[in-house]
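Here is the structure we will look at.
There are 2 protein chains.
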Amino acid sequence: MSKTSQQIAEICGVSRGTVDRALNNRPGINPETKEKILQVAEQLGYRPHFLAQSLVKGSTRSIGAVLFDINNRLFPQLVNAIETRASELGYFLYLTLTNKDPEKEKDCLQHLVDRKVDGILLLSVNKGEAFEQFLGKLNVPVVTFGNLVSDGIPFVWVDDRAAIRDAVRHLAAQGYEEIIYLSPPMALAGKTNLYAVEQRYLGFEEAIAETPGLLTDIVLHKGYLEEIDALLRRGDKKKVILCTSDKYALKVLLHLKQKEIRIPQDVGLMGFDNIDTLAYISPALSTIAYSSDDVGTQAVDLLVDRIAGRDVPMRTTIPHRIVQGESI
Amino acid sequence: MSKTSQQIAEICGVSRGTVDRALNNRPGINPETKEKILQVAEQLGYRPHFLAQSLVKGSTRSIGAVLFDINNRLFPQLVNAIETRASELGYFLYLTLTNKDPEKEKDCLQHLVDRKVDGILLLSVNKGEAFEQFLGKLNVPVVTFGNLVSDGIPFVWVDDRAAIRDAVRHLAAQGYEEIIYLSPPMALAGKTNLYAVEQRYLGFEEAIAETPGLLTDIVLHKGYLEEIDALLRRGDKKKVILCTSDKYALKVLLHLKQKEIRIPQDVGLMGFDNIDTLAYISPALSTIAYSSDDVGTQAVDLLVDRIAGRDVPMRTTIPHRIVQGESI
């Protein structure tokens with residue numbers, strides 16, 4: 001690129017370094033200067049062969065993100081945080097979706113590596129030794145969130161176990177005598193990486209062990225609405241349904257409304273995630289909140305540190321808190 | 001790739017074409033055969049240099065999508081439809097986000113082209129002759145949706161103008177005497193590509209021209225909640241607020257609830273898009289529905305046709321319908 005970038009530098013009256021910064025979308029340059037450089041570059045018909053150049057320079061200033069899907073409202077929130085932070089740091093983001101298919105996930109990772117991204121953010125459904133080896137062979141920095149893959153790969157997330165323990169204690173303190181624990185994704189236990197939902201379940205087991213009087217019902221499958229109906233007809237304890245995500249809590253809320261079962265008078269309801277959809281929901285859903293912005297921002301920061309060869313902590317825990325709402 | 005793929009073909013007892021199909025993730029192959037081929041390829045340490053290969057073959061079996069953001073619930077729905085269809089057709093999807101920044105949008109397009117995608121789906125904020133030339137120079141098939149860029153680029157969307165005309169007629173038939181037309185994005189008119197919202201506004205003007213007795217108030221800026229408060233205090237006509245997207249209708253709904261203004265008794269409310277969040281909203285929002293799945297699916301189909309060099313229609317209109325709800 002030397003000859004043309006020298007020409008651009010002379011025309012614009014700036015250094016080669018400044019031209020380089022503008023053409024590679026790196027920070028630390030006055031926006032007006034950048035604009036001028038890009039205009040001159042365009043007039044000269046200058047467009048560096050990006051990939052050939054990246055092979056030499058070893059950096060494409062781009063990162064990839066591998067997520068499940070964007071159905072659960074939580075994921076778009078995360079993506080926006082990731083995109084915003086990556087953009088601030090001068091990185092371009094490629095988003096790819098796995099639909100929770102382990103093979104598709106490996107395809108996504110390989111595609112991103114083939115396209116020379118500098119690093120990858122991963123919400124994985126894969127786990128285990130073979131997958132860790134697969135990741136190692138990719139030879140690109142990876143930061144995970146949501147589901148832990150390995151203690152040797154940086155991981156950013158909430159402390160799911162402590163969060164559910166706090167929720168159970170909170171519900172017991174509110175006078176609930178029976179907790180219906182709802183976590184349909186657990187039906188896939190053993191088949192896929194379910195770290196987050198498994199941690200929540202462990203937290204639930206720990207909490208009930210320390211609260212002997214509490215009755216519990218555990219619903220871990222897709223036919224949960226029918227089972228909830230049956231459980232609500234049984235006994236006269238003060239009941240609450242604790243859902244491991246707001247997504248399911250909203251489905252239950254809709255179902256109970258249709259059945260004219262009142263929340264919280266007839267049964268309490270609690271979710272997890274504090275997704276922004278809750279602003280429009282009545283009664284206001286009690287839930288566990290944490291900052292999805294912080295998850296996304298810190299994951300990008302860790303990845304950029306890793307790309308720069310800096311040491312980073314293997315665990316970053318995002319704080320959580322109980323949101324009381326009107327549903328318990 | 002010839003030598004190794006020949007070797008894989010011999011070991012697996014299949015044709016070179018079948019090996020090619022498996023390694024390039026193309027349809028028309030038995031899943032078991034594909035699995036076997038991929039295993040043998042891995043054992044042989046075979047990994048085609050994807051980009052070098054793509055330069056020769058002229059195809060990477062990947063497409064890019066350029067969208068605003070994924071805040072409005074409509075966009076995740078579209079992305080899921082696009083991803084599903086692309087996957088079915090054996091294409092890998094890269095999603096990029098512009099945050100409605102015209103320069104970022106051009107960056108996204110150039111990044112995707114540099115990475116040799118076969119085609120691009122575009123929801124544009126750019127418009128005008130210079131941008132059309134920019135797109136032309138990219139030399140890659142493009143299909144647009146949401147905002148029209150040019151009559152010469154395939155465009156998939158709902159007939160916004162007819163949809164709003166239908167909505168106004170429907171509201172007049174319901175006995176509404178005054179319509180508050182709410183479209184805050186119009187504040188950016190002239191600065192960015194607002195084709196969809198501008199078409200909706202034209203449809204509104206056409207509809208009120210044919211309904212002489214109808215009073216109208218037009219609110220096209222960010223301070224809309226205060227203006228709605230003022231408008232609702234004024235006069236005694238039967239009023240309805242017609243919002244050009246559900247996103248704004250939900251903000252208005254929340255605001256009215258907080259003010260204890262009853263919907264529809266005190267004022268009617270209507271949205272546009274029928275986003276899936278509406279399932280949880282009470283009172284059920286009246287809106288204009290269309291299939292975001294069809295938008296995504298047909299956009300991908302048109303793009304794949306264009307990639308294959310086939311002629312495609314320049315306009316594809318997705319049907320719309322009024323959803324009555326409980327809010328009017």
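Sequence lines, in order, name chains E and V.
Under UniProt numbering, think of the first position of the first sequence as 1, with each following residue one higher.
Under UniProt numbering, think of the first position of the second sequence as 1, with each following residue one higher.
Note that the Cβ used here is the ideal one computed from N, Cα and C, for glycine as well.
Measure the alpha-carbon distance for residue i versus residue j and round it to whole angstroms.
i: I37(E); j: A207(V); result: 49 Å
i: V300(E); j: V66(E); result: 13 Å
i: E103(V); j: F204(E); result: 49 Å
i: D118(E); j: S59(E); result: 6 Å
i: Q110(V); j: A167(V); result: 39 Å
i: I263(V); j: D101(V); result: 36 Å
i: A196(V); j: L285(E); result: 35 Å
i: R161(V); j: R200(V); result: 5 Å
i: G213(E); j: L242(V); result: 53 Å
i: L232(E); j: M186(E); result: 21 Å
i: E227(E); j: R85(V); result: 34 Å
i: R21(E); j: P313(E); result: 30 Å
i: V79(E); j: D293(V); result: 21 Å
i: G235(E); j: Q258(E); result: 22 Å
i: E177(V); j: V267(V); result: 11 Å
i: S93(V); j: S87(E); result: Just to set this straight, residue 93(V) is Leu in the shown sequence, not Ser. For L93(V) and S87(E), the distance between alpha carbons rounds to 20 Å.
i: R310(E); j: P31(E); result: 29 Å
i: R16(E); j: Q39(E); result: 16 Å
i: G136(V); j: G136(E); result: 41 Å
i: residue 393(E); j: A81(V); result: Missing from the structure shown is residue 393(E); chain E here goes from 1 to 328 and no further.
i: S5(V); j: V14(V); result: 11 Å
i: Q265(E); j: Q265(V); result: 27 Å
i: A130(V); j: A130(E); result: 50 Å
Taking C-alpha atoms, which residue in the options lies nearest to residue i?
i: H170(E); options: T211(E), E35(E) and V143(E); result: T211(E)
i: V149(V); options: H320(V), R315(V), V323(V) and P319(V); result: R315(V)
i: A173(V); options: V19(V), A22(V) and I322(V); result: I322(V)
i: L44(V); options: V113(V), S62(V), Q7(V) and V79(V); result: Q7(V)
i: K238(V); options: G175(V), V312(V) and N80(V); result: G175(V)
i: C12(E); options: N24(E), R26(E), A86(E) and K34(E); result: K34(E)
i: S62(E); options: V19(E), I307(E) and T317(E); result: I307(E)
i: P319(V); options: T277(V), N30(V), I164(V) and D311(V); result: I164(V)
i: E132(E); options: Y280(E), D151(E), F68(E) and T216(E); result: D151(E)
i: residue 330(E); options: G136(E), G128(E) and R16(E); result: Absent from the model: residue 330(E). The displayed extent of chain E is 1 to 328, so no value can be given.
i: Y290(V); options: G146(V), V267(V) and R16(V); result: G146(V)
i: E281(E); options: G309(E), S327(E) and Q265(E); result: The question names Glu, but residue 281(E) in the sequence shown is Ile. I281(E) has its Cα closest to that of S327(E), out of G309(E), S327(E) and Q265(E).
Can the beta-carbon of residue i be found closer than 8 Å to that of residue j?
i: Q83(E); j: L97(V); result: Correcting the residue identity first, residue 83(E) is Glu in this sequence and not Gln. Yes, they are a contact pair.
i: V295(V); j: V140(V); result: no
i: T287(V); j: G325(V); result: yes
i: V304(V); j: Y91(V); result: yes
i: L89(E); j: L95(V); result: no
i: N72(V); j: V125(V); result: no
i: K222(E); j: P184(E); result: yes
i: A41(V); j: L23(V); result: yes
i: residue 330(E); j: T216(E); result: The first residue shown for chain E is 1 and the last is 328, placing residue 330(E) beyond what the model contains.
i: R26(V); j: R115(E); result: no
i: I120(E); j: G64(E); result: yes
Quick one: what's got a C-beta closer than 6 Å to residue i's C-beta in the same chain, skipping five residues either side?
i: D273(V); result: L74, S245 and D246
i: L122(V); result: V66, V142 and T144
i: I70(E); result: P76
i: H255(E); result: L225
i: G271(V); result: C243, D246, A249, L285 and T287
i: L278(V); result: L285
i: I275(V); result: R73, L74 and D246
i: L202(V); result: R161
To the nearest whole angstrom, what separates the beta carbons of residue i and residue j, a pair I think is in contact under 8 Å?
i: V219(E); j: L182(E); result: 5 Å
i: E198(E); j: A209(E); result: So it is not a contact: roughly 17 Å between Cβ atoms.
i: P154(V); j: L302(V); result: 5 Å
i: T317(V); j: V158(V); result: 7 Å
i: F134(V); j: K106(V); result: 6 Å
Could you name the residues of chain C that residue i contacts, counting a contact when the two beta carbons are closer than 7 Å?
i: A279(V); result: The chain labelled as chain C is not found among the protein chains of the depicted structure, namely E and V.
So, at 7 Å on beta carbons, what are the nonlocal neighbours of residue i in its own chain, with the 5 sequence-adjacent residues on each side left out?
i: L138(E); result: L109 and V113
Take residue i and list the residues in its own chain whose beta-carbon comes closer than 8 Å to its own, dropping the five residues that flank it on each side.
i: N99(V); result: F68 and D69
i: A52(V); result: For A52(V), the pLDDT reaches just 40, beneath the cut-off of 50, and the residue's location in the model is therefore unreliable, although a value from the coordinates is still provided. So the list is empty, once near-sequence residues are dropped.
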